[in-house]
Amino acid sequence: MDWLDAFLASGMRFTTPILLAGLGGLATAWTRDLNVGLEGIMIFGAFFGVVVGLFTGSSLAALAVVAVLGLLCGMIFGYLITVLRVNVFVAGIVLNVLGAGGTVYLLRSMYGVKGTLSDPGIPPLPKLHIPGVEDVPVLGGILSGHTVLTYLSWTLVLLLALAVRHTVVVRHLKAAGEHPAALATAGGNVTWMRVVAQAWCFALCGLAGLQLSLGQLTLFTEGMTSGLGFVALAAVIFCRGRVGLLAVMSVGFGLSSAASVQINEDVMPPQFAQMIPYIVALIGLIVLARTSREGATRIATPVMES
Amino acid sequence: MTAVQTPAEERGDTGRRGPWLRLGSWRDRLTSAGFVLVAGLLAAVVLIQLEGYAPLPTIQAGLEYALGDGTSIARTLAWGLPLYVAAIGVAIAFRSGMFNIGAEGQVYGGAMGAALAGAYIGPLFAPTHLAVVVLASALVGGLIAAGLGWLRAVWGVDEVLSTLLSNYVIILFCTYLATGPLRDPTRQSGTTREVADTARFGEILPRTGLSAAVFLVVAICVLGWWLSERTVTGYRWRMTGESPAFASAVGIDVRRSRIASMAISGALCGVAGGLLVAASQGRFWTEIGSGIGWDAVLVALIGRARPVATVVWVTLYCVMRSAARGLEQVSTVPSELSLILISAIIIAAAARAGVFSQFAALQRRLATWKGR
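Note that the protein sequences, when read in sequence, are chains A and B.
In short: position in the first sequence from 1, add 52, done, that's the numbering used here.
In short: position in the second sequence from 1, add 281, done, that's the numbering used here.
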């Protein structure tokens with residue numbers, strides 16, 4: 053059963069960035085400003101995680117700085133889309149391209165490196181080994197030996213699930229999306245809610261990127277997010293605002309990513325294995341469109357007026 | 282026919298978000314272009330200053346490299362040829378409300394189709410072979426996009442996400458072909474066999490890389506503009522894009538418009554990939570596209586999917602890109618500068634209306650404050 057252990061453990065590892073980015077995107081889906089730039093934020097998070105990690109030598113400092121930077125950038129992004137009325141879809145697409153180009157630019161101008169930045173000074177995220185559970189066959193791989201961010205992501209799932217039921221903030225976020233006029237009448241601040249959702253999204257996506265660069269590989273490579281942000285976006289769209297469903301979707305995508313790594317080259321060429329998560333997402337998208345009552349939901353629409 | 286409601290429509294407040302780029306008169310357009318260019322220039326100055334160079338002389342050196350003499354202009358243009366075709370393609374889809382973000386994958390698919398047609402068919406009489414190559418690339422790109430368009434039109438599968446995801450699937454599949462069954466056994470890396478000489482556009486200016494493909498590109502740009510702006514088909518597509526409900530009410534077959542516009546869009550993106558093979562590289566290799574599809578999406582966005590504006594912006598972008606490469610030679614500023622600039626320009630263009638109205642509000646507030 054060793055392979056099952058390895059498979060589940062790597063499934064958990066792959067789930068973490070998807071789940072974190074998905075939880076971030078979920079808030080923006082609530083306010084109906086779905087951020088399609090998850091991919092771009094993740095790659096920036098991965099990069100700045102490595103930069104701060106190299107500078108301070110502490111991965112926890114990197115975690116804190118990336119989260120704060122994410123909050124700040126998210127507020128700027130929120131200002132752009134609310135007050136300056138930049139179309140959120142356009143801004144998201146630009147963010148993706150900016151992430152791909154900007155990190156290469158920074159990598160070359162800051163370190164003179166093209167391709168991969170790997171250095172023994174990059175601190176890996178600490179991994180928690182839970183005594184006792186660690187040696188239990190299947191459960192050990194699932195529950196123990198992951199980075200702090202994995203545990204953080206599942207804590208957030210629980211907290212958010214509770215928050216949806218019991219807090220006003222989530223209700224206000226949803227109202228800002230569904231019925232802004234009602235929220236404004238009730239004394240809420242629509243603009244502020246939309247900004248908060250973007251700040252939350254940026255912070256979590258930054259951490260998702262950090263999980264990739266400091267949690268899994270301890271290096272930074274150009275384009276290292278390789279579409280994980282889009283897979284997370286797919287998860288956000290499938291779950292339709294429900295936290296539990298998002299977690300299930302993320303685990304599904306995480307397991308299919310894990311499968312793509314575990315599948316032996318004798319069984320199928322590596323490129324086909326790498327396609328698995330994207331194909332799963334595509335099939336899911338088709339199934340969603342075929343089964344949902346109101347048909348397909350448009351994820352984002354730029355208004356193209358003359 | 283039930284029109285898919287957009288989030289903004291559901292909220293019944295289409296005005297809240299506002300148009301992301303509204304342009305009226307020529308004066309408006311000029312102010313807007315000026316605002317946007319100043320924003321881009323500012324970003325360039327700041328970034329170059331941060332690298333520790335004097336901004337203006339450095340920018341001038343870059344522009345010299347891009348536009349200094351005939352040879353440099355030809356080189357700049359030669360690089361941009363595929364981008365013109367891809368950007369027109371993306372713009373045509375955008376115009377009919379189909380957000381074809383899968384241009385990158387379609388470019389790769391088209392390049393693979395062209396490389397195969399060029400290497401495994403022929404050698405033929407050169408014009409025939411070139412036609413076969415271009416048609417093969419158009420067919421591959423068009424089929425991919427038409428399939429996704431069909432999913433959107435008939436089953437309602439959101440094309441924004443499906444085209445995004447298709448990029449990865451197609452690029453991985455092409456990588457598989459180039460590293461596996463179709464790999465050139467005499468070469469180390471993942472490339473296909475070199476195309477026959479008859480499948481390559483001849484250079485019209487020696488040592489600049491500017492090939493006869495430029496005529497094809499001009500023809501495609503003109504045809505694209507004519508199709509989108511001057512034909513009945515183009516009108517139907519634009520109606521579909523602006524209001525699918527209205528379009529179907531006046532008897533336009535929305536499904537057909539959507540599928541056809543996606544097919545044409547994908548075919549043009551495929552031809553862009555074909556040009557990469559037939560006009561410059563001569564074979565498919567695993568990183569041949571290098572972001573041209575994404576550039577096309579950005580340029581089509583900033584050109585508001587209007588063919589003429591898109592062509593103008595492609596030209597500007599080519600100059601920026603070439604200047605950035607020139608900069609890289611005289612300084613240590615990485616050439617990815619151009620990507621950052623175009624991003625800044627798009628955001629500035631999209632924020633322009635908002636900035637102006639904020640500014641006007643500030644002025645009003647100041648005026649009332651003075652009046653007190």
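Even glycine gets a Cβ: it sits at the ideal position worked out from N, Cα and C.
- Between ALA98(A) and SER265(A), the gap from beta carbon to beta carbon is short of 8 Å.
- Close to chain B, meaning a Cβ-Cβ distance shorter than 7 Å, are the following residues of the region 113-135 of chain A: LEU132 and VAL135.
- Note on geometry: alpha-carbon atoms of VAL580(B) and VAL388(B) lie some 15 Å from one another.
- Chain-order list of chain A residues neighbouring THR456(B): GLN323, by C-beta distance under 7 Å.
- For GLN250(A), there are no C-beta contacts with chain B under 8 Å, since the nearest C-beta of that chain is about 14 Å from it.
- Within the region 264-344 of chain A, the complete alpha helix (DSSP H) runs of at least 4 residues fall at 280-291, 295-314 and 322-343.
- Per the Cβ contact rule, the region 545-563 of chain B is in contact with the region 362-372 of chain B (3 or more Cβ pairs under 8 Å).
- Residues of the region 149-161 of chain A that bring their beta carbon within less than 8 Å of a beta carbon in chain B comprise VAL149, LEU150, ALA152, GLY153, GLY154, VAL156, TYR157, ARG160 and SER161, in sequence order.
- Among the residues of the region 316-348 of chain B, those with a Cβ less than 7 Å away from any Cβ of chain A are GLU332, in the order of the chain.
- The alpha carbon of VAL247(A) has as its nearest neighbour, out of GLY74(A), LEU56(A) and ASP85(A), the alpha carbon of ASP85(A).
- Checking the DSSP bridge columns, you'll see LEU169(A) partnered with PHE272(A).
- For the region 619-651 of chain B, the residues whose beta carbon sits under 7 Å from a beta carbon of chain A are, in order, LEU620, ILE621, SER624, ILE627, ILE628, ALA631, ALA632, ALA634, GLY635, VAL636 and GLN639.
- In the DSSP annotation of this structure, the continuous segment of the alpha helix (DSSP H) that includes GLY144(A) starts and ends at 140-163.
- For the region 300-333 of chain A, the residues whose beta carbon sits under 7 Å from a beta carbon of chain B are, in order, PRO321, GLN323, PHE324, GLN326, MET327, TYR330, ILE331 and ALA333.
- At the C-beta level, THR456(B) and THR567(B) come within 8 Å of one another.
- Counting along the chain, the unbroken alpha helix (DSSP H) around VAL216(A) starts and ends at 200-218.
- Under the three-state reduction of DSSP, THR134(A) is assigned to helix.
- One alpha carbon belongs to TYR516(B), the other to ASN148(A), and they sit about 32 Å apart.
- In this structure, the CA atom of PRO189(A) is about 27 Å from the CA atom of LEU72(A).
- Checking the DSSP bridge columns, you'll see TRP82(A) has no partner listed.
- The Cβ atoms of ILE382(B) and VAL578(B) sit closer than 8 Å to each other.
- Closest by C-alpha distance to ILE70(A), out of VAL339(A), GLY151(A), ALA215(A) and TYR330(A), is TYR330(A).
- By the C-beta density criterion, GLY101(A) is buried, having at least 16 other C-beta atoms within 10 angstroms.
- Shown here, GLU484(B) sits in a strand according to DSSP, grouped into three states.
- Taken in chain order, the whole beta strand (DSSP E) runs of length 3 or more contained in the region 593-619 of chain B number zero.
- Excluding the 5 residues flanking it on each side, PRO232(A) has same chain C-beta neighbours closer than 6 Å at VAL242, in chain order.
- Listed in chain order, the non-local C-beta contacts of GLY386(B) below 8 Å within the same chain comprise ILE425, THR444, SER447, ASN448, TYR449, VAL450, ILE451, ILE452 and GLY574, local neighbours out to five positions each way being set aside.
- At least 8 Å separates the CB of THR444(B) from every CB of chain A.
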